[in-house]
Amino acid sequence: MAQDFLFRVDDAYNKDQLRGMARIDGQFMRDLGISDGDIVQIRGKKEALATCHPLHEQDKGRNAIRIERVIQHNAGLKVGDMVSIKKVTAAAAREITLEPMQNPSPVDPRYITDLLNEVPLMKGDECVVPYFSGHLSFLVAETIPAGNVIVKNEYTSCIFTKDPPSSSNDPSLDMQIRNVIQDLLKIKTMTDDELEGVIEKIRKIYDKSHADAFRYPRKNQ
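One rule links them: number in the working numbering = place in the sequence shown (from 1) + 9.
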């Protein structure tokens, strides 16, 4: 039975960070009736959700489950703990209410929706998204519908319990920022030239908005 399988917690691969993923051996996935991309419930001291995928070839045969620190926290786990999982279902979220865990940042909630795309969540979870040179942390205060949900960026709306200031008074600048974030989501498939183009976009945006939080050194003219 599914509950007889125990996995030892290990950290996620670097490229899997902040993507809401769990990885186990492909044979264990087949034994548990789990397909690539299915949603699983991870049962530690608490419960957390993740999309399930096979381990990389170098880890084949291990009884490890690789999950990021955010999922470890949500499930009350640490590296080395033993944990069981089971396949579950999740509805597409219509709305997710997020409570910022630090002072609200100037960010459009649509950016957060894009960055959480395909991440399964439930009320009480902490979720973390990359934000330029740092990250933003939120507590999931409510979900519609209730229960297990998964973010779908074309369907889900994220709202904040505290309204962050708008990122600018210039709608065209907001759109430029949104486009850059969309580019960053594709960063692992970019060529060096494409990455340089994204960096140049960021330079121009922050030159225009006079932001102090993320600056590049400028050469003397």
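C-beta: ideal position from N, C-alpha, C; glycine also.
Assuming residue i is part of the alpha helix (DSSP H), what are its boundary residues?
{"i": "Ala-84", "result": "78-84"}
{"i": "Asp-123", "result": "118-124"}
Considering Cα atoms alone, identify which of the options is closest to residue i.
{"i": "Gly-46", "options": "Glu-56, Lys-54, Leu-64", "result": "Leu-64"}
{"i": "Ala-150", "options": "Lys-55, Ile-208, Ile-43, Cys-167", "result": "Cys-167"}
{"i": "Met-131", "options": "Pro-118, Leu-148, Phe-16, Leu-124", "result": "Leu-148"}
{"i": "Asn-112", "options": "Asn-72, Phe-169, Arg-71", "result": "Phe-169"}
{"i": "Lys-87", "options": "Met-110, Lys-161, Ala-21", "result": "Ala-21"}
{"i": "Met-110", "options": "Ala-155, Asn-162, Asp-25, Cys-136", "result": "Cys-136"}
{"i": "Cys-61", "options": "Glu-163, Glu-127, Thr-200", "result": "Glu-127"}
{"i": "Asn-162", "options": "Pro-118, Glu-205, Asp-202", "result": "Pro-118"}
Starting from residue i and walking both ways along the beta strand (DSSP E), at which residues does that stretch end?
{"i": "Thr-98", "result": "First-last for Thr-98: undefined, no H or E at that position."}
{"i": "Arg-28", "result": "Run containing Arg-28: none; DSSP gives neither H nor E here."}
{"i": "Gly-143", "result": "143-153"}
{"i": "Ser-166", "result": "166-169"}
{"i": "Val-137", "result": "135-140"}
{"i": "Pro-115", "result": "No beta strand (DSSP E) contains Pro-115, which DSSP labels as neither H nor E."}
Assuming residue i contacts residue j under a Cβ cut-off of 8 Å, what Cβ separation, rounded to an integer in Å, is found between them?
{"i": "Val-92", "j": "Gly-53", "result": "5 Å"}
{"i": "Ala-59", "j": "Ile-76", "result": "6 Å"}
{"i": "Asp-134", "j": "Ala-57", "result": "7 Å"}
{"i": "Ile-94", "j": "Asp-19", "result": "Between Asp-19 and Ile-94 the Cβ distance is about 14 Å, and since that is not below 8 Å, they are no contact."}
{"i": "Thr-165", "j": "Thr-106", "result": "Rounded, the Cβ-Cβ distance is 11 Å, inconsistent with contact."}
{"i": "Leu-27", "j": "Val-79", "result": "7 Å"}
Among residues of its own chain, excluding the 5 on either side of residue i, which ones have a beta-carbon nearer than 6 Å to its beta-carbon?
{"i": "Ile-3", "result": "Beyond the ends of the chain as shown, which are 10 and 230, falls residue 3; an answer cannot be given."}
{"i": "Ala-99", "result": "Ile-48, Pro-129, Asn-157, Val-158, Ile-159"}
{"i": "Pro-180", "result": "Only weak support is given to the placement of Pro-180: the predicted model assigns it a pLDDT of 48, under 50, and the question is left unresolved by the model."}
{"i": "Ala-84", "result": "Ile-51, Gly-53, Lys-55, Ala-57"}
{"i": "Leu-124", "result": "Val-138"}
To which residues does DSSP link residue i through a beta bridge?
{"i": "Met-91", "result": "Arg-17"}
{"i": "Gln-50", "result": "Leu-58, Lys-95"}
{"i": "Arg-289", "result": "Missing from the structure shown is residue 289; the chain here goes from 10 to 230 and no further."}
{"i": "Val-158", "result": "Ala-100, Leu-130"}
{"i": "Lys-108", "result": "Looking at the sequence shown, residue 108 is not Lys but Glu. Note: Glu-108 sits in a beta bridge opposite Leu-148."}
For residue i, decide whether its Cβ has a neighbour in chain C, counting only Cβ atoms nearer than 8 Å.
{"i": "Asp-68", "result": "Of the protein chains in this structure there is only one, and it is not chain C."}
Here's a check: name, in chain order, each residue in its chain whose Cβ is nearer than 7 Å to the Cβ of residue i, leaving out the five neighbours to either side.
{"i": "Phe-37", "result": "Phe-14"}
{"i": "Gln-90", "result": "Here the sequence assigns Asp to residue 90, which means Gln is not the residue at that position. So the qualifying residues of the chain are Val-18, Gly-53."}
{"i": "Gly-70", "result": "Asp-34"}
In chain order, what residues of the same chain have a beta carbon less than 8 Å from the beta carbon of residue i, not counting five sequence neighbours either side?
{"i": "Asn-178", "result": "Confidence in Asn-178 is poor, its pLDDT being 48 and thus under 50, which makes the residue's placement too unreliable to answer from."}
{"i": "Phe-16", "result": "Ile-33, Phe-37, Asn-72, Ala-73, Ile-74, Met-91, Val-92, Ser-93, Ile-94"}
Closer than 7 Å to a non-hydrogen atom of the ligand NAD - does that hold for the CB of residue i?
{"i": "Pro-109", "result": "The ligand NAD is not part of this structure, which contains no ligands at all."}
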